[in-house]
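Residues in the sequence shown are numbered consecutively from 155, following the numbering used here.
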Amino acid sequence: MHDDRRQVEDRLDRVMRERVVPATYAARRPMTVEVWHVPGEPVPVAEALDAAYVPFAPGDPWGRAWATSWLRATASVPAEWAGRRVEAVFDLGFTGRGPGFQAEGLVHDLDGRPIKGIEPLNQYVPVGDAVNGGEEIGLLVEMAANPDILGDGFVPTPLGDPATAGDEPLYRFGGADLAVLDEDVWHLRLDVEVLSELMHELSTDDPRRHEILRALERMLDELDIHDVAGTAARARETLTEVLSRRANASAHTISATGHAHIDSAWLWPLRETQRKTARTFANVTALAKDYPELVFSCSQAQQYAWVRDRYPEIFQRMRDATKAGQWAPVGGMWVEADGNLPGGEALARQLVHGKRFFLEEFGVETRGVWLPDSFGYTAAYPQLAVLAGNEWFLTQKISWNQTNKFPHHTFWWEGIDGTRIFTHFPPADTYNGTFAGAELGHAVRNYADKGGGTRSLLPFGHGDGGGGPTREMLEKARRLRDLEGSPKVVVENPDAFFAAARAEYPDAAVWAGELYLELHRATYTTQARTKAGNRRSEYLLREAELWAATAALTAGFDYPYEDLDRLWKTVLLHQFHDILPGSSIAWVHREAEATYARVHAELREITRAATAALAGEGGPGQVFNTSPRARAEVVTVPAELAPDAGVQPLADGSVAVFTEVPGSGTAPLGAATPFGPLGPVTVDGRVLDNGLVRVEIDADGLLTSVRDLVAGREVLAPGSRGNLLQLHPDLPNHWDAWDVDRHYRRRHTDLTGADAVTVVDAGPLVASVRVDRSFGDSRISQTITVTAGSPAVRIDTEIDWHEREKILKLAFPLDVHADRSAAEIQFGHVYRPTHTNTSWDSARFEISCHRWIRLAEAGYGIALANDATYGHDVTRTTREDGGTTTTARYSLVRAPRSPDPEADQGRHHMSHTLLPGATVAGAVAGGYALNLPLRVTAGGSGPSPLVSVEGEAAAVESVKLADDRSGDVVVRVYESLGGRADTRLRTSFPVAGVEVTDLLERPLPDRPVALADDGSVPLTLRPFQVLTLRLRPAGR
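And the structure:
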């Protein structure tokens, strides 16, 4: 037989494109359309119902960026359409670009009830399956003029903020029609689409491919291109046989679940996400009525809460679909948070608030963590997920790796404490599936666990405002359920998939440690003010809960349950994986900074009220230590609170006092040796010395020597200088806000020149030197401080940043041979190699940490703590003297131009401490100290620590009252050093009972714990184990 495949395929393509697709709607009638342009922000439908409308015609411009217009469309169904399936079809001015990144609409009836959304690939609204003719149709459409921010790639655009976006209309109205859907033609399109796409995935040697080709050719012969509607049914019959051939018994199974990945903010603000969710959720619940097999998996409790509060009718439809088994709440988190940057307690609360919402609102206990799109995943996740009652974990983002292909799709993921969770990466490498043949073929070929597993998951639906699953997708799924040559497609709940996958492949491979994404490494650094706002919020929440709980138990304080719940949820929302990482538009980050300021003010007031209740009246003032570690250090206070002796007035008008405070406790201000156990700090020129550490600063304001006087060794590498600011060009190949590419290292400028180096404070408690620099259009002021009684060298950095496409690093070349670096993560730390032996090692050229990093050789270590700097790199070089220099560099600030062209511009404040001789325990304590500064309150008394643990390994991470308002005290403890720890938890209040709980504060009966005779709680902790205890106060 001659090979005429190309001719048949070209014929098929043209006939479908030019004849069949246009015939999908057999007849159309324009609707009468009027419009009302909202003068400001979006308004409720009730206001739109009463507005004054004006005529609106196809081609009319509308919609400045971020504006809203309401469209009112009316029509009568023609009598000759009786018995036909009729729809209203809207074109808001859609472009051919992505379905979720342009204009969208929510359709209501004229009573204001929401019907469904309309998007570029979902433009219809049902009118009737078999109309009578003569019906009067009236619809109201809320149109959102969302700009296509990345329409021109990563070119800087002013469209990301209404303040800069301008007033020019973005769209021209395309029209609104009543139309008759020709179901025979529509089904023919889908038959052909499924078969044609399958055919192209089959080998040219496969007989099945040729069978499909000839069937499609016979269909073309049967179809009259001048009477498509009249011959479509007959043409379909020619395809019946090839569509009825059953799949091979060994065919891979695709477990498909409907999904719409909606970023809670990204290229649109939070307020627009609230409308995107309503449009998509209305679509899905409407679609579920026509397709009973649909199961829609939806994460992010925050988005549900928005719909519940703003669109109660849609929310009730969601509840009804859940009861019918068609809607599956998944994920069990408040939002799909960033996977690296939130603190340990914050990740726990993400799981608590997410799971609790679904339990309370839907009666559903979610069983999995659903995070398809975060930028890497901390090795703390398996333990936290399991402690929240989860059994599985899903993502697909690691398929974006630039360098290495991850070796598994179905596996056990092991966290830092040894906990394992069953994990799956969909091999289709997408969370926006459409059942395209190429997509399914890729899933089968790509699946890395053949011979062990036989199935994979496919989330399908248009995300980010594209409207979710479509009827076309579900029709294709029906055809692909059992079709020869194709994987078998079953639409089901992801819980069913994970149960089946685990049952057939219980001995899947194990991956231990973090899931590092070899891409988007700049998300550890971009939008530094957003990151600082998050870090500060996390620690202010910790303070507020601890002191409010202490005051509630000891001083009759009214514990602020509602306020803390609301503030936690606000902070959790802003940990979404495009807000906290810094990859959103200007509007999002401007609002985030303002929100953090309000959150901080509220939390400080809660803490002020609680500590005031605890401190009482009169007296010298009380020092409150929220850290779990005892502190002996200098604290600065207003002059009016300072003791009469043993103090140092400081240049800024405050007063320095040496104080000692127990962990999680209080002490009278100044109740300590005036200058600490080793005496005062001295200043000789630019040499600062406190008996523990001696720091030499040169005329450029750089550290030329940091001498550990206890260990008798130099910290800095010979011939090097520390606190060195290095400026690199930073233009990644793609994804400006997200990426820092390896080539940035090839050029840099050392910022060595200083405008001024000034001794500010000269002891005996505080010695500090201020260094002022200017470069380009920016200025930096740093204060280097040594205090009595502490080996820490503190560096406070103020940056007025006005560079473009640059990254600023803070470097410390250290005289230590560290073959690996330790970096704190949530509830523990991980080690990463400092060499580049393998491509996996080399790809980690930018990494993240939480409060500290530590570089060590046998017998000696050096730590660097931070108060909100996550991104860093660590490298090793060999010197001419044969020694090793290990250089640690924090990434301070960037200046990308997309999607926010003004990202990071302006003022920043950040603090770091260099900790010579630090053990892991010292690094942990130093991280706590920098992030939880001592708080001083006027008053004459203070309570003993409400809760404390013995030893340096166990750490109390949170203390709060139970969420059920029972008055029980909930304490979260973890092992911080990576070893086994025996400890005792002690309280300052009598305890009647204690139990171990999950993160949701529910008892875990298989983990018994008991009170000792002295009222303490003996505990044995595994390495990095997280333990939640619920204590019942006596007499409650």
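A virtual CB, placed ideally from N, CA and C, is assigned to each residue, including glycine.
TODO: Keeping to the same chain, check which residues put their C-beta closer than 7 Å to that of A746; ignore five residues upstream and five downstream.
DONE: Position 592 of the sequence shown, counting from 1, holds the residue named residue 746. Answer for A746: T684, G687, H728 and I733, listed in chain order.
Task: Cβ-Cβ distance between T624 and L441 below 9 Å - done: Walking along the sequence shown from the start, residue 624 turns up at place 470. Walking along the sequence shown from the start, residue 441 turns up at place 287. At the C-beta level, T624 and L441 come within 9 Å of one another.
Task: Terminal residues of the alpha helix (DSSP H) in which S350 lies - done: Working through the sequence shown from its first residue, we reach residue 350 at position 196. Following the DSSP letters along the chain, one finds S350 inside the alpha helix (DSSP H) bounded by residues E337 to E355.
- [ ] Could you name the residues of the same chain whose beta carbon sits closer than 8 Å to that of L1158, not counting the 5 residues immediately before and after it, in chain order?
- [x] Here residue 1158 is taken as the residue at index 1004 of the sequence shown, counted from 1. If we look at L1158 and ignore the five residues flanking it on each side, its Cβ neighbours are E1149, V1150, T1151 and D1152.
Task: Every unbroken alpha helix (DSSP H) inside the segment 362-444 [4 residues or more] - done: List check, alpha helix (DSSP H) in window: 382-391, 394-398 and 424-444.
Open item on the list: Are the CB atoms of L1175 and A1107 within a distance shorter than 9 Å?
Closed with: Along the sequence shown, one-based indexing puts residue 1107 at 953. Along the sequence shown, one-based indexing puts residue 1175 at 1021. Yes, the pair counts as a contact, with Cβ atoms nearer than the cut-off.
- [ ] Check whether the Cβ atoms of L538 and A502 sit closer than 9 Å, and answer yes or no.
- [x] Locating residue 538 in the sequence shown gives position 384, where the first residue counts as 1. Locating residue 502 in the sequence shown gives position 348, where the first residue counts as 1. With respect to the 9 Å criterion, L538 and A502 are classified as neighbours on the basis of their beta carbons.
- [ ] May I ask which residues mark the beginning and end of the alpha helix (DSSP H) holding W741?
- [x] For the purposes of this step, residue 741 is identified with residue 587 of the sequence shown, where counting begins at 1. Element bounds for W741: A740 to A769.
Open item on the list: Pull the bridge partners of C452 from the DSSP assignment, please.
Closed with: Counting from one through the sequence shown, the residue named residue 452 turns up at place 298. C452 is bridged to P483.
TODO: Identify whether A206 lies in helix, strand or coil by the three-state DSSP scheme.
DONE: Sequence index remark: in the sequence shown, residue 206 carries index 52 (1-based). Reduced to three states, the DSSP call for A206 is coil.
TODO: Starting from the Cα of R510, find the closest Cα among P735, K443, A478 and N544 and give me that residue.
DONE: Against the sequence shown, residue 510 aligns to sequence position 356. Nearest in C-alpha terms to R510, of all of P735, K443, A478 and N544, is N544.
Task: Beta-ladder partner(s) of E519, from DSSP - done: Stepping through the sequence shown from its first residue, residue 519 is reached at position 365. Beta-bridge pairing links E519 to no other residue.
- [ ] Could you tell me which residues DSSP pairs with N276 in its beta bridges?
- [x] In the sequence shown, the residue the question calls residue 276 occupies position 122. For N276, which the question treats as bridged, DSSP gives the partners E273.
Task: Touch test, the segment 1061-1075 against the segment 747-764, Cβ-Cβ under 8 Å, three pairs minimum - done: Inter-segment contact for the segment 1061-1075 and the segment 747-764 is absent: fewer than three beta-carbon pairs are separated by less than 8 Å.
Task: Where W460 falls: helix, strand or coil (DSSP) - done: As a working mapping, residue 460 is identified with position 306 in the sequence shown. Looking at W460 - three-state DSSP - the assignment turns out to be helix.
Open item on the list: Taking the alpha carbon of F929 as the reference point, which residue from A202, D904 and A965 has its own alpha carbon closest?
Closed with: Indexing the sequence shown from 1 puts residue 929 at position 775. The option with the nearest alpha carbon to F929 is D904.
- [ ] Identify, in the order they occur along the chain, each residue of the same chain with its Cβ nearer than 8 Å to the Cβ of R689, setting aside the five sequence neighbours on each side.
- [x] Counting from one through the sequence shown, the residue named residue 689 turns up at place 535. Counting only residues of its own chain and dropping the five nearest sequence neighbours on each side, R689 has a CB closer than 8 Å to the CB of G497, D1021, A1022 and N1085.
- [ ] Within 10 angstroms of the Cβ of R783, are there 16 or more other Cβ atoms? Answer buried if so, exposed if not.
- [x] Within the sequence shown, residue 783 is the residue found at index 629, counting from 1. The residue is buried, with at least 16 neighbouring Cβ atoms inside 10 Å.
Open item on the list: Counting only beta-carbon separations shorter than 9 Å, does Q537 have a partner in chain B?
Closed with: No chain B appears in the structure shown, which is made up of a single protein chain.
- [ ] Report, in whole angstroms, the separation of the C-beta atoms of Y601 and H563, which I expect to be a contact under 8 Å.
- [x] Taking the first residue of the sequence shown as 1, we reach residue 601 at position 447. Taking the first residue of the sequence shown as 1, we reach residue 563 at position 409. Yes, they are in contact, since the Cβ atoms of Y601 and H563 sit about 6 Å apart, within 8 Å.
Task: Top-ranked residue by Cα proximity to T1031, from T988, S528, A767 and Y898 - done: Here residue 1031 corresponds to residue number 877 of the sequence shown, with the count starting at 1. Ranking the options by Cα distance to T1031, first place goes to T988.
- [ ] Indicate the three-state DSSP secondary structure (helix, strand or coil) for P803 in the structure shown.
- [x] The count along the sequence shown starts at 1 and reaches residue 803 at position 649. DSSP places P803 in strand when its eight states are reduced to three.
TODO: Specify the secondary structure class of D954 as computed by DSSP and reduced to three states.
DONE: Within the sequence shown, the letter at position 800 stands for residue 954. In the three-state reduction of the DSSP assignment, D954 falls in the strand class.
Task: Sheet register partners of I151 (DSSP bridge) - done: With the chain covering 155 to 1190 only, the question about residue 151 has no answer from this structure.
Open item on the list: If you follow the beta strand (DSSP E) that N1020 is in, where does it begin and where does it stop?
Closed with: As a first step, residue 1020 is located in the sequence shown; it is residue number 866 there, counting from the start. According to the DSSP assignment, N1020 belongs to the beta strand (DSSP E) that extends over Y1014 to N1020.
- [ ] Just grab the DSSP bridge partners of A1064 for me.
- [x] As a working mapping, residue 1064 is identified with position 910 in the sequence shown. Checking the displayed sequence, the identity of residue 1064 turns out to be Met instead of Ala. Beta-bridge analysis with DSSP links M1064 to T951.
Open item on the list: Can you tell me which residues form a DSSP beta bridge with Y1082?
Closed with: The residue you call residue 1082 lines up with position 928 of the sequence shown. Answer is none; Y1082 lacks a bridge partner.
Open item on the list: I need the DSSP call for W994, collapsed to helix, strand or coil.
Closed with: As a position in the sequence shown, residue 994 is number 840, starting the count at 1. If DSSP states are grouped into helix, strand and coil, W994 belongs with the helices.
TODO: Could you tell me the distance, in whole angstroms, from the CA atom of T941 to the CA atom of S922?
DONE: Reading the sequence shown from its first residue, position 787 is the one you call residue 941. Reading the sequence shown from its first residue, position 768 is the one you call residue 922. Whole-angstrom Cα-Cα distance: 8 Å.
Open item on the list: Rounded to the nearest angstrom, what separates L795 and V789 at their Cα positions?
Closed with: To locate residue 795, count along the sequence shown from 1; it is residue 641. To locate residue 789, count along the sequence shown from 1; it is residue 635. The alpha-carbon atoms of L795 and V789 are separated by roughly 12 Å.
TODO: Decide yes or no for the touch test of the segment 834-853 against the segment 1043-1052: beta carbon pairs closer than 8 Å, at least 3 of them.
DONE: Touching, no.
Open item on the list: Using the three-state DSSP reduction, which class does E163 fall into: helix, strand or coil?
Closed with: Mapped onto the sequence shown, residue 163 falls at position 9. DSSP places E163 in helix when its eight states are reduced to three.
Task: Check whether V285 and W235 have beta carbons under 9 Å apart - done: Reading the sequence shown from its first residue, position 131 is the one you call residue 285. Reading the sequence shown from its first residue, position 81 is the one you call residue 235. Yes, they are a contact pair.
Open item on the list: Which residue marks the beginning of the beta strand (DSSP E) containing G855, and which one marks its end?
Closed with: In the sequence shown, residue 855 corresponds to position 701, counting from 1. No beta strand (DSSP E) contains G855, which DSSP labels as neither H nor E.
Task: Nearest neighbour of I303, chosen from L870, E1155, P423 and E629 [CA to CA] - done: Here residue 303 refers to the residue found at position 149 when the sequence shown is read from its first residue. Closest option to I303, Cα to Cα, is P423.
- [ ] Check the C-beta distance from K960 over to P883 and give it rounded, since I have them as a contact under 8 Å.
- [x] The sequence position of residue 960 within the sequence shown is 806, counting from 1. The sequence position of residue 883 within the sequence shown is 729, counting from 1. Indeed, because the Cβ distance is near 6 Å, the residues count as touching under 8 Å.
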